[in-house]
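Participant: Each residue of the sequence shown is one higher than the one before, counting from 7 in the numbering used here. Ideal Cβ placement from N, Cα and C applies to all residues, glycine included. Being a predicted model, the structure only gives us computed values, none of them experimental. Structure provided below as structure tokens; questions to follow.
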Amino acid sequence: MPSTPHTLTRTWRLAVLTGLAALVTAACGGGPDGAGGQEPAASGAPSAIPDTTALIEAVQKDDAVTLPAKYAQAGMLHLASNLQSAPNNFYAADGKTPIGYEVDLAKAIGKKLGVAVHHQDMAFGSLITSLQSGRVDLTMAAMNDTKTRQAQIDFVDYFSSGITIMVRKGNPDQIAGPDTLCGKNVAVVQGTSHQKFAEEQNGKCAQAGKPALTVTATDSDTQNQNQLRTGRVAAILNDLPSAVYISRTAGEGKFFEVVPGEPINGGPYGIGVNKENKPLAEAIQKALQSLIADGGYGKILQAWGVEQGAVKEAKLNGGS
């Protein structure tokens, strides 16, 4: 995982360009880990927002998992998120219904525990303090589980994000992974971990006696997408969920695709729990592990097209 808490993911914003939905990534910060402002996918790309109702309804309560009596009696867990980060968590077209793969995972975990999960939208920077103060029970907002944050809250890891390579539909430059970027033009957003990785990869190409990368650093993903569409660059480096969503929505899914493979420099997203509430953290961990074991977890991620980020184990504080 990158050395700083917020270099793995960046703020994502969705812009409408000539009637097409496309993500616009702002500079790191503002939600340090992928909390950005976005709108739902364009109506012309229905596959970007799957109907997961049946998947959630199929989840069964796991009686082997014990939820602390306080929450079981209330029948509700209060979860804070920054509902502006498609496809992680964002609002449906009605502007008030939370959707996204994180939202679905939270609902499924709630069903495993026999309680409902209520989403509360707040600024990314308020999530940890709201958890520490007891205002909410959980947080789930594409927040990287890092050692620095583990000093403040506990995490139950549910997803592994990292850098992903996005190319034109059909992959005309035949890019299969980082090593095949040598000699290619690659676009990144200025000041991100993606730029750092491209520069590191450039050094590896030189060591291997291969042509260097030409790295184009811009101010936004929108500029990078335009360059990729017109062939001025062969690839864009982006975060896994963002790249998947762009590839499924831009041009109704006809413009881009994501190169298969494990996320580069991957690290976990974690569900935040107050450090004074170990029983709740353990219940969430066991419920998620149960969801992984019975296949419901994988089906939810697959429905959203982000199965590349699946974890095999729901670790407690597994980040570095």
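Give the secondary structure of proline 269 by DSSP, where H, G and I count as helix, E and B as strand, and everything else as coil.
Facilitator: It is coil, neither helix nor strand.
Participant: Less than 8 Å between the CB atoms is what I'm expecting for asparagine 88 and glutamate 108, so what's the real figure, rounded?
Facilitator: That belief does not hold up - the Cβ atoms of asparagine 88 and glutamate 108 are roughly 10 Å apart, past 8 Å.
Participant: Under 8 Å: do the segment 258 to 270 and the segment 157 to 176 share three or more Cβ pairs, one atom per stretch?
Facilitator: A contact exists between the segment 258 to 270 and the segment 157 to 176.
Participant: Take every Cβ of the segment 239 to 257, pair it with every Cβ of the segment 219 to 231, and state whether three or more of those distances are shorter than 8 Å.
Facilitator: As far as the Cβ criterion goes, the segment 239 to 257 touches the segment 219 to 231, which means the pair count is three or higher.
Participant: Kindly indicate which three-state DSSP category glutamine 126 falls into: helix, strand or coil?
Facilitator: It is a strand residue.
Participant: When the distance is taken between beta carbons, is alanine 114 closer than 7 Å to isoleucine 55?
Facilitator: Not a contact, by the Cβ cut-off of 7 Å.
Participant: Output the distance between the C-alpha atoms of serine 326 and lysine 153, rounded to the nearest integer angstrom.
Facilitator: Roughly 5 Å separates the two Cα atoms.
Participant: Express the C-alpha separation of leucine 234 and valine 312 in angstroms, rounding to a whole number.
Facilitator: Rounded to whole angstroms, valine 312 to leucine 234 spans 22 Å at the Cα level.
Participant: Looking only at its own chain, which residues have a Cβ that is under 8 Å from the Cβ of leucine 322, when we skip the five neighbours before and after it?
Facilitator: Same-chain partners within the cutoff: Asp160, Phe161, Val162, Asp163, Ala287, Glu288 and Gln291.
Participant: Excluding the five sequence neighbours on either side, which residues of its own chain have a C-beta within less than 6 Å of the C-beta of isoleucine 105, listed in chain order?
Facilitator: Correct list, in chain order: Ala98.
Participant: Report back the beta-carbon spacing between valine 142 and leucine 85 to the nearest angstrom; my notes put them in contact at under 8 Å.
Facilitator: The pair is a contact, with the Cβ atoms about 7 Å apart (cut-off 8 Å).
Participant: Just tell me which of Ala92, Gln314, Asp151 and Cys211 has its CA closest to the CA of tyrosine 275.
Facilitator: For the residues Ala92, Gln314, Asp151 and Cys211, the minimum Cα distance to tyrosine 275 belongs to Asp151.
Participant: I need the straight-line Cα distance from glycine 36 to glycine 131, nearest angstrom please.
Facilitator: At glycine 36, the pLDDT of 28 sits below 50, so the modelled position is not reliable and the matter cannot be decided from this model.
Participant: Please state whether DSSP places proline 56 in a helix, a strand or coil.
Facilitator: Coil, per DSSP.
Participant: Specify, as a first and last residue, the run of the beta strand (DSSP E) that phenylalanine 165 falls within.
Facilitator: It spans 159 to 174 - the beta strand (DSSP E) in which phenylalanine 165 sits, taken as one unbroken run.
Participant: Secondary structure at serine 87, three-state DSSP: helix, strand or coil?
Facilitator: Serine 87: strand per DSSP, three-state reduction.
Participant: Give the straight-line distance between the Cα atoms of leucine 137 and lysine 67, rounded to the nearest whole angstrom.
Facilitator: The straight-line gap from Cα to Cα measures roughly 25 Å.
Participant: Would you mind giving the Cβ-Cβ distance between phenylalanine 165 and isoleucine 270, rounded to the nearest angstrom? I have them listed as a contact below 8 Å.
Facilitator: Not quite, the Cβ-Cβ distance comes to about 15 Å (not below 8 Å), so this is no contact.
Participant: Provide the residue span of the beta strand (DSSP E) that contains leucine 243, from first to last.
Facilitator: Taken as a continuous stretch (DSSP letters only), the beta strand (DSSP E) holding leucine 243 covers 241 to 245.
Participant: Can you tell me whether serine 139 is buried or exposed? The criterion is at least 16 other CB atoms within 10 Å of its CB, across all chains shown.
Facilitator: Exposed, because fewer than 16 other Cβ atoms sit within 10 Å of the Cβ of serine 139.
Participant: Given a cut-off of 7 Å, decide if glutamine 196 and alanine 223 are closer than it, judged by their beta-carbon atoms.
Facilitator: In contact: alanine 223 and glutamine 196 (Cβ atoms closer than 7 Å).
Participant: Within 10 angstroms of the Cβ of aspartate 110, are there 16 or more other Cβ atoms? Answer buried if so, exposed if not.
Facilitator: When all chains shown are included, aspartate 110 counts as buried.
Participant: To which residues of the same chain is glutamate 319 closer than 6 Å at the C-beta, ignoring the five residues directly before and after it?
Facilitator: Counting only Cβ-Cβ distances below 6 Å, and skipping sequence neighbours, we find nothing.
Participant: Under DSSP, the beta strand (DSSP E) around phenylalanine 203 begins and ends at which residues?
Facilitator: Not the beta strand (DSSP E): phenylalanine 203 falls in the alpha helix (DSSP H), residues 199 to 213.
Participant: Of the choices Thr103, Ala147 and Gln156, whose alpha-carbon is the least far from that of lysine 281?
Facilitator: When each option's Cα is compared against that of lysine 281, the closest is Gln156.
Participant: According to the neighbour-count rule (16 or more other Cβ atoms, all chains shown, within 10 Å of its Cβ), is proline 217 buried or exposed?
Facilitator: Proline 217 should be labelled exposed.
Participant: For the beta strand (DSSP E) holding threonine 222, just list the boundary residues, first then last.
Facilitator: It spans 220 to 224 - the beta strand (DSSP E) in which threonine 222 sits, taken as one unbroken run.
Participant: Out of Pro184, Ala293 and Lys305, which one is the CA nearest neighbour of leucine 219?
Facilitator: Minimum Cα distance to leucine 219 is reached at Pro184.
Participant: From Ile242, Gln213 and Ile134, pick the residue whose C-alpha is nearest to that of glutamate 190; which is it?
Facilitator: The sequence as given places lysine at residue 190; glutamate does not occur at that position. With distances taken between Cα atoms, lysine 190 lies closest to Ile242.
Participant: Residues in its own chain within less than 6 Å of tyrosine 303 by CB, not counting five upstream and five downstream?
Facilitator: Only Leu297 meet the Cβ criterion.
Participant: Taking proline 285 as the reference, which of Asp57, Ala75, Ala64 and Ala60 has the closest Cα?
Facilitator: Of the listed residues, the one whose Cα sits closest to proline 285 is Ala75.
Participant: Consult DSSP for asparagine 95 and reduce its assignment to one of helix, strand or coil.
Facilitator: Residue state, collapsed to three classes: strand.
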